[in-house]
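Residue numbers for the sequence shown, in our numbering: 795 to 1336.
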Amino acid sequence: MSTLKVTIILMFATLFSFVATQTLIADNTKPAAPAKEVQAAKPPKKQPAKPKKSVEEKKRLAEEKRKAAEAAAKRLAEQKRQEELAKKQAAEKKKADELRKKQEAEAKRAAEAKRKADEARKAAEAKKKAEEEKRRKAEAEKRRKAEAERRRRAAQAAAARREAYLERLRKAERTRKKSQYEKNYSVVRAAWRPVIKNAAKSTVRVLAGGRHVSMGTIISPNGFVLTKASELREGIEIKLQSGPRLKAKIAAVSEKHDLALLKMEVNDLTPVQFSSAIPSVGSFLATPGIGEDPVAVGVVSVAARSLQARGFLGIGFAANSTEPKIGQIFPRSAAASAGIKVNDVITRINGSEVKSPSKVIDLLRSRLPGDKIAIHLKRAGKEVKVDAVLGKRQMDPARRARFDRQNMLGGELSDRREDFPTVMQHDTILFPEQCGGPVVDLSGRTVGINIARAGRVNSYAVPAKTVVAVLKDMKAGKFPVTDSFKRSFKLASINDKVKSIDVELKKAEQQKAAIDRAINKHKSEIDKLKKQADALKKAAKK
């Protein structure tokens, strides 16, 4: 409260005290009022006399009132002062709160800025780390690709050397002069002329793109020829024993038996006469060509049997277990794809209860690749059902390569040489292009058609009984040329062209390498001669 306000309040209090004092003095000095007339009947009662206040008492009372007024004024002033002080403190508190809030806001902004700066720093570090990781991975990938390319080139070079070696062996086998002690000696083959005479009239040579790809067997006078399907390529022609080449089209295909029926526009052919005789193991066989001598002779080594691939689940049973408990799962097998696990116990297959490993094997032997089977398993005390699509047993690639190399030592093998419903095995040494024609026994009866050269000492032939049944279905339209065969047919033609071009390319590359070496040699000789000439010129100047 300001000093002026306090002064004014004190003045008003003093004035109020003065007025009150004067009023009291006036009351004490005022004359008494006249007495009322007393009633005649009753005399007036005597009023007790009021004590008169003295001047000092009045002064004292006035002084007390003044002091009370001053105290009230002081209390009022103090109250006003306290209120002003409270307002001032509230204002200062408000100002302090605003300052605190401002500082907190500044602190928050600073913390947010720091957080963003930290995030930006971390993001930059993460980006740098990611770029470094990316660079490291790129370098590792580059090294991996370089190593893969080096290995690929080394593998190509090794494969090329191996193929060149096998090609030399194949050429040597084709051109090798037979010993007089061999069954394919010319004198021995000549002895078979009367035996194969009739079958040779029904034998043709099948060409594709001008190249001999297989033999063929005439099965009707009006131009139908049966041959090996997987060796066919675009541009099919047929060469008879006499006469020009004739164009032919594919009329039917049994992919399961690898047999194709060709049709050419010609009549008056001599069809083969198939025999129902089944040659026993040890019987002699001969393979006719389009000449008077057979192309090769051999002996039946294994009776007719199925070579179809069996369905492969890809499991191994636990050792010393009488129940069909799984002890091994082959990688990338049907069992692995179906989710079968080690220690599972097979309880049922397609609803049939199994209690031993041998029962599982028996049930799987009757299934083919691609068959879907339902398998019930006992796993950790619970019953589990899975569906598996059987695959085909695959030989280890390294083992397969060794196996093929050993078999190829005796000559080339057919591309398709397995997975046949019924074949008989004989040890005739044939080349792939010599398959597709008839095979006869010692009595001259056509007992089958050669279908594949499968190994160094084994070839396969489809028995005549099976051929007759397949021919019947072909003529009935049950084996049309499917889209899958057309695709494989075109793909095989393309692959042959690629191989042919690749051979020419390799020859060209070898010639180019030889030319480059000659050019470099001539350049080095020229440089050497130029240096000698320069040395002579310098010596002449001196």
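Cβ atoms here follow ideal geometry from the backbone N, Cα and C, with glycine treated the same way.
State the start and end residues of the unbroken alpha helix (DSSP H) segment that holds residue i.
i: A1312; result: 1277-1335
i: K1403; result: The question about residue 1403 has no answer, for the chain in this structure spans 795 to 1336.
i: A1339; result: It is not possible to answer for residue 1339, since the shown part of the chain is limited to 795 through 1336.
Do residue j and residue i come within 9 Å of each other at the CB atom, strictly closer than that value?
i: G1105; j: K1186; result: yes
i: R1039; j: V1007; result: no
i: Q1122; j: G1110; result: yes
i: M1218; j: S1048; result: no
i: V1261; j: G1242; result: yes
i: S1150; j: P1125; result: no
i: D1213; j: Q1102; result: yes
i: K971; j: E1086; result: no
i: S1287; j: A1042; result: no
i: D1156; j: I1169; result: no
i: G1108; j: L1056; result: no
i: T1216; j: A1098; result: yes
i: E933; j: E1227; result: no
i: S1146; j: V989; result: no
i: A1246; j: R1281; result: no
i: N1137; j: A1113; result: no
i: V1000; j: E1031; result: yes
i: N978; j: I1223; result: yes
i: R983; j: F1225; result: no
i: N1016; j: V1075; result: no
i: A1054; j: L1020; result: yes
Taking the beta strand (DSSP E) that residue i falls in, what are its first and last residues?
i: N992; result: That residue, N992, is in no beta strand (DSSP E); its alpha helix (DSSP H) goes 987-995.
i: T1240; result: 1240-1247
i: A1042; result: 1039-1048
i: E1177; result: 1176-1183
i: S1253; result: 1253-1257
i: A1023; result: It is not in any beta strand (DSSP E) - A1023 carries neither H nor E in the DSSP assignment.
i: H1220; result: 1217-1220
i: D1235; result: 1232-1235
i: H1170; result: 1166-1173
i: E1031; result: 1030-1033
Just to check my reading of the structure: residue i and residue j have Cβ atoms closer than 8 Å, yes? What is that Cβ distance to the nearest angstrom?
i: V1154; j: I1167; result: With a Cβ gap of about 11 Å, V1154 and I1167 do not count as contacting.
i: F1273; j: A1046; result: 5 Å
i: L1184; j: R1161; result: 5 Å
i: P1082; j: T997; result: 5 Å
i: L1079; j: V1091; result: 7 Å
i: N1244; j: G1230; result: 7 Å
i: V1139; j: H1220; result: The Cβ separation is near 45 Å, so there is no contact.
i: T1240; j: F1018; result: Not really, about 16 Å apart at Cβ, beyond 8 Å.
i: S1070; j: K1259; result: 6 Å
Could you check if residue i is buried or exposed, using at least 16 other CB atoms within 10 Å of its CB as the buried criterion?
i: Q833; result: Confidence at Q833 is low in this model, with a pLDDT of 44, below 50, so its placement is unreliable and no value can be given for it.
i: G1029; result: exposed
i: P1232; result: buried
i: D1052; result: buried
i: K910; result: exposed
i: K1179; result: exposed
i: K1336; result: exposed
i: K1022; result: buried
i: Y1254; result: buried
i: I1313; result: exposed
i: A993; result: buried
i: P1073; result: buried
i: D1235; result: buried
i: S1127; result: buried
i: G1037; result: exposed
i: Q883; result: exposed
i: I1120; result: buried
i: I1295; result: exposed
i: L893; result: exposed
i: I1309; result: exposed
i: V849; result: exposed
i: L1323; result: exposed
i: K824; result: Because the pLDDT of K824 is 49, which lies under 50, any placement of that residue in the model is unreliable, and the number read from its coordinates should be weighed accordingly. Exposed: under 16 other Cβ atoms inside 10 Å.
i: S1318; result: exposed
Do residue i and the ligand MG come close, with the Cβ less than 8 Å from some heavy atom?
i: R1027; result: Looking for the ligand MG in the displayed structure turns up nothing, as the structure carries no ligands at all.
Sequence ranges, alpha helix (DSSP H) only - wholly within the region 1075-1139, length at least 4: 1128-1132
Sequence ranges, beta strand (DSSP E) only - wholly within the region 936-1011, length at least 3: 997-1002
Length-filtered (3 minimum) beta strand (DSSP E) runs lying within the region 1053-1077: 1053-1058
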